[in-house]
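Okay, structure first, notes after.
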Amino acid sequence: MWIFTDWTLRIGFEEIEVQVIEGTVLWGVDDLYDFAFIIDSSIAPIAAWDGMYDYVETRDPSFVDEIFSDVVLTRNEFNLVVIYADSGELIYGRYYDYQSDTEYNIPSIFR
1 MWIFTDWTLR IGFEEIEVQV IEGTVLWGVD DLYDFAFIID SSIAPIAAWD
51 GMYDYVETRD PSFVDEIFSD VVLTRNEFNL VVIYADSGEL IYGRYYDYQS
101 DTEYNIPSIF R
């Protein structure tokens, strides 16, 4: 107790309060940075959904290669992507285990 009291008297309550506030602000800034990163990571792929309608009509493989790349699936922690036409036809499917960086065949239930 004496060490804490001696330290408090030497530094002063005002300095301790400043240190606590600085730490809290830095903690909040770090949380905001993490939140902004998560939003940025989520919005970029989702914004591409606008192009999904074109993909269903054109079947251009460059669209799905970009939007469902290993990096995007890993960042968003997706293992399975399937795209169906209105008729129920499977247009695109990918089963990728992002934790082991391994691609598997699509389970038959999705075909």
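Numbering-wise (the numbering used here), the sequence shown opens with residue 1 and increments by one. By construction, the Cβ of each residue, glycine as well, lies at the ideal position given by its N, Cα and C atoms.
Go through its chain and collect everything with a Cβ distance to residue i's Cβ below 7 Å, but skip five positions before and after it.
{"i": "E77", "result": "Y98"}
{"i": "F68", "result": "V81 and R94"}
{"i": "T117", "result": "Beyond the ends of the chain as shown, which are 1 and 111, falls residue 117; an answer cannot be given."}
In three-state terms, what does DSSP make of residue i?
{"i": "Y98", "result": "coil"}
{"i": "I83", "result": "strand"}
{"i": "E15", "result": "helix"}
Using the C-alpha atoms, what's the distance from residue j back to residue i?
{"i": "V25", "j": "A36", "result": "16 Å"}
{"i": "E66", "j": "Y84", "result": "18 Å"}
{"i": "N79", "j": "D54", "result": "24 Å"}
{"i": "L90", "j": "V56", "result": "10 Å"}
{"i": "V64", "j": "E22", "result": "45 Å"}
{"i": "P107", "j": "D31", "result": "38 Å"}
{"i": "R59", "j": "I109", "result": "22 Å"}
{"i": "W27", "j": "V18", "result": "14 Å"}
{"i": "V20", "j": "V29", "result": "14 Å"}
Look up residue i in the DSSP assignment and give the residues it is bridged to.
{"i": "G88", "result": "Note: G88 sits in no beta bridge, so no partner."}
{"i": "G23", "result": "Beta-bridge pairing links G23 to no other residue."}
{"i": "Y33", "result": "Its beta-bridge partners do not exist; DSSP assigns none."}
If you drop the 5 nearest sequence neighbours on each side, which residues of the same chain put their C-beta closer than 6 Å to that of residue i?
{"i": "Y104", "result": "Y95"}
Q: At 4 residues or longer, and completely inside the segment 52-84: list those alpha helix (DSSP H) runs for me, N to C.
A: 52-58, 61-67 and 70-76
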